[in-house]
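Using the working numbering, the letters of the sequence shown map in sequence onto residues 73 to 386. Glycine residues also receive a C-beta, built at the ideal position from the N, C-alpha and C atoms.
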Amino acid sequence: MIDPEEFVEEAVEKLKREIGDRKAIIAVSGGVDSTTAAVLTHRAIGDRLVSVFVDHGFMRKGEPERVVRILRDELGLNLRHVDASDEFLEAIKGVTDPEEKRRIIGEKFIEVFERIAEEEGAEVLVQGTIAPDVIESERGIKSHHNVGGLPEELGLDVVEPLKDLYKDEVREVARYLGLPDEIVERMPFPGPGLAVRVVGEVTPEKLEIVREANAIVEEEVEKAVKEGLMERPWQAFAVLLDCKATGVKGDERDYGWVVAVRIVESIDAMIADVPEVPWEVLKRIQDRITSEVPDVTRVLFDLTPKPPATIEFE
Ligand code: XMP
Numbered sequence: 073m074i075d076p077e078e079f080v081e082e083a084v085e086k087l088k089r090e091i092g093d094r095k096a097i098i099a100v101s102g103g104v105d106s107t108t109a110a111v112l113t114h115r116a117i118g119d120r121l122v123s124v125f126v127d128h129g130f131m132r133k134g135e136p137e138r139v140v141r142i143l144r145d146e147l148g149l150n151l152r153h154v155d156a157s158d159e160f161l162e163a164i165k166g167v168t169d170p171e172e173k174r175r176i177i178g179e180k181f182i183e184v185f186e187r188i189a190e191e192e193g194a195e196v197l198v199q200g201t202i203a204p205d206v207i208e209s210e211r212g213i214k215s216h217h218n219v220g221g222l223p224e225e226l227g228l229d230v231v232e233p234l235k236d237l238y239k240d241e242v243r244e245v246a247r248y249l250g251l252p253d254e255i256v257e258r259m260p261f262p263g264p265g266l267a268v269r270v271v272g273e274v275t276p277e278k279l280e281i282v283r284e285a286n287a288i289v290e291e292e293v294e295k296a297v298k299e300g301l302m303e304r305p306w307q308a309f310a311v312l313l314d315c316k317a318t319g320v321k322g323d324e325r326d327y328g329w330v331v332a333v334r335i336v337e338s339i340d341a342m343i344a345d346v347p348e349v350p351w352e353v354l355k356r357i358q359d360r361i362t363s364e365v366p367d368v369t370r371v372l373f374d375l376t377p378k379p380p381a382t383i384e385f386e
């Protein structure tokens, strides 16, 4: 384990040296990695760091508002909120291949981000890349572990203050820096967001379904943790599968969507296990999803550890 105080002191000094008197830019998502990198850098160079929140429209329920409130109002970052949701949705229209989807979202992200970087006259790009991102990208398991990757294309100098840290260490540093629990304890969320939690083609209708289902999973798990029924898992989320199944609502046959619930334990996301979630909690999740989310007829629980599965479905 690292000593957070020592780490912060050294990282801030290093950032000052690396950035000098130039202007820097960072893409923030409200996740613990990018927020920690932004706060560290803000300590080093103040408002010469512009934090850009590109809202691709694939965020969780209430998330854009929460990100702006915490990063701008509570942490005092120099934040730019860019709503690019229409652009992103249009770009992945009709795309079903997962890697293709990630590639397009990544490219679109760079395009939007590049526009802002130019407008801001930034010369340095700060990234919240952490150790497992580097390792998995090098192994070619999954591309784009950090949306906003491919920094070479931007022609900016890249600075990665967290690249030697694992998630638990980042959380320690984040706590030390005074980041609120909402950010520190936030479950990891993929850069391409809910777009990779809709298996196959993404439509506004499907996004809405997975957004609502996911909010229910997170709320019920959080409630169960507070009630002492289970430990807080590494991740708990909903995925909308690319198939429909027969159901019955009232007296009528219904043909609706299938939602998978994924709850995993992990230390660093390199491997993951599925914990024994109390039946009562799973039942509540199923009950709320099928009654509150229109057009869902079935809820499945994913039992597969990583490996052989990955944590996300795409
Ligand atoms: P997988 O699905 O590869 O996920 O087992 C490992 C961990 O990484 C998260 N993840 C991402 N994080 N950008 C990110 O910043 C991404 O594109 C991305 N894809 C997956 C995933 O949620 C899990 O915690």
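Discussion item. Taking 8 Å as the limit between beta carbons, can you name the residues of its chain near residue 283, skipping five residues before and five after?
Written reply: Excluding positions up to five away in sequence, the list reads 132, 133 and 266.
Item to complete: Compute the distance between the beta-carbons of residue 297 and residue 303, then report whether it is under 8 Å.
Response: Result yes, Cβ atoms of residue 297 and residue 303 sit closer than 8 Å.
Fill in: DSSP three-state assignment for residue 130, whether helix, strand or coil
Of the three classes helix, strand and coil, the one that applies to residue 130 here is coil, per DSSP.
Fill in: Cβ neighbours of residue 188 in the same chain (closer than 6 Å, five flanking residues each side left out)
Excluding five sequence positions before and after residue 188, the CB atoms of its chain that fall closer than 6 Å to its own CB belong to 124, given in chain order.
Worksheet item: According to DSSP, what are the bridge partners of residue 327?
Response: Within the DSSP bridge table, the entry for residue 327 names 318 as partners.
Discussion item. Please give the ranges of any beta strand (DSSP E) in the stretch 187 to 213, keeping only runs that are unbroken, at least 3 residues long and fully inside the region.
Written reply: Taking 3 residues as the shortest admissible run, the stretch 187 to 213 contains the following complete beta strand (DSSP E) segments, listed from N- to C-terminal end: 196 to 198.
Worksheet entry | Which of helix, strand or coil DSSP assigns to residue 87 | DSSP, read as helix, strand or coil, puts residue 87 in helix.
Worksheet entry | Exposure of residue 339, with buried meaning 16 or more beta-carbon neighbours within 10 Å | Within 10 angstroms of the beta-carbon of residue 339 lie fewer than 16 other beta-carbons, which makes it exposed.
Practice prompt. Give a yes or no on whether the C-beta atoms belonging to residue 76 and residue 245 are separated by under 8 Å.
Written response: Result yes, Cβ atoms of residue 76 and residue 245 sit closer than 8 Å.
Worksheet item: Between the stretch 322 to 341 and the stretch 360 to 377, do three or more beta carbon pairs fall short of 8 Å?
Response: A contact exists between the stretch 322 to 341 and the stretch 360 to 377.
Discussion item. Taking 7 Å as the cut-off, is the C-beta of residue 335 nearer than that to any heavy atom in ligand 1?
Written reply: Flag unset: Cβ of residue 335 not near ligand 1.
Worksheet item: Does the stretch 262 to 282 come close enough to the stretch 164 to 173 that 3 or more CB-CB pairs lie under 8 Å?
Response: A contact exists between the stretch 164 to 173 and the stretch 262 to 282.
Item to complete: Evaluate residue 102 with the Cβ neighbour count: other Cβ atoms within 10 Å of its Cβ, from every protein chain shown; 16 or more gives buried, anything less gives exposed.
Response: Counting Cβ neighbours within 10 Å, residue 102 comes out buried, since at least 16 surround it.
Worksheet item: Beta-carbon separation of residue 104 and residue 150 under 8 Å?
Response: Contact flag unset, no.
Worksheet entry | Cα-Cα separation, residue 315 to residue 240 | Roughly 36 Å between the two C-alpha positions.
Item to complete: Give the straight-line distance between the Cα atoms of residue 362 and residue 295, rounded to the nearest whole angstrom.
Response: Computed Cα separation, rounded: 19 Å.
Discussion item. Only counting the same chain, and skipping five residues up and downstream in sequence, which positions put a Cβ closer than 7 Å to that of residue 135?
Written reply: In its chain, beyond the 5 residues on either side, 102 have a beta carbon closer than 7 Å to the beta carbon of residue 135.
Discussion item. With the cut-off set at 8 Å, would you say residue 336 and residue 349 are in Cβ contact?
Written reply: Cβ distance not < 8 Å, so residue 336 and residue 349 don't count as in contact.
Worksheet entry | For residue 288, the three-state DSSP class (helix, strand or coil) | Residue state for residue 288 is assigned as helix, using DSSP reduced to three classes.
Worksheet item: Near residue 228, what residues of its chain come up, given a Cβ to Cβ distance below 8 Å and the 5 sequence neighbours on each side ignored?
Response: Taken in chain order, the residues that qualify are 97, 189, 194, 195, 196 and 197.
Worksheet entry | Candidates 286, 379, 106 and 128: closest to residue 343 by CA position | Residue 379 is the option with its Cα nearest to residue 343.
Worksheet entry | C-beta neighbour in chain C for residue 193, strict 8 Å | Among the protein chains of the structure shown there is no chain C, as only one such chain exists.
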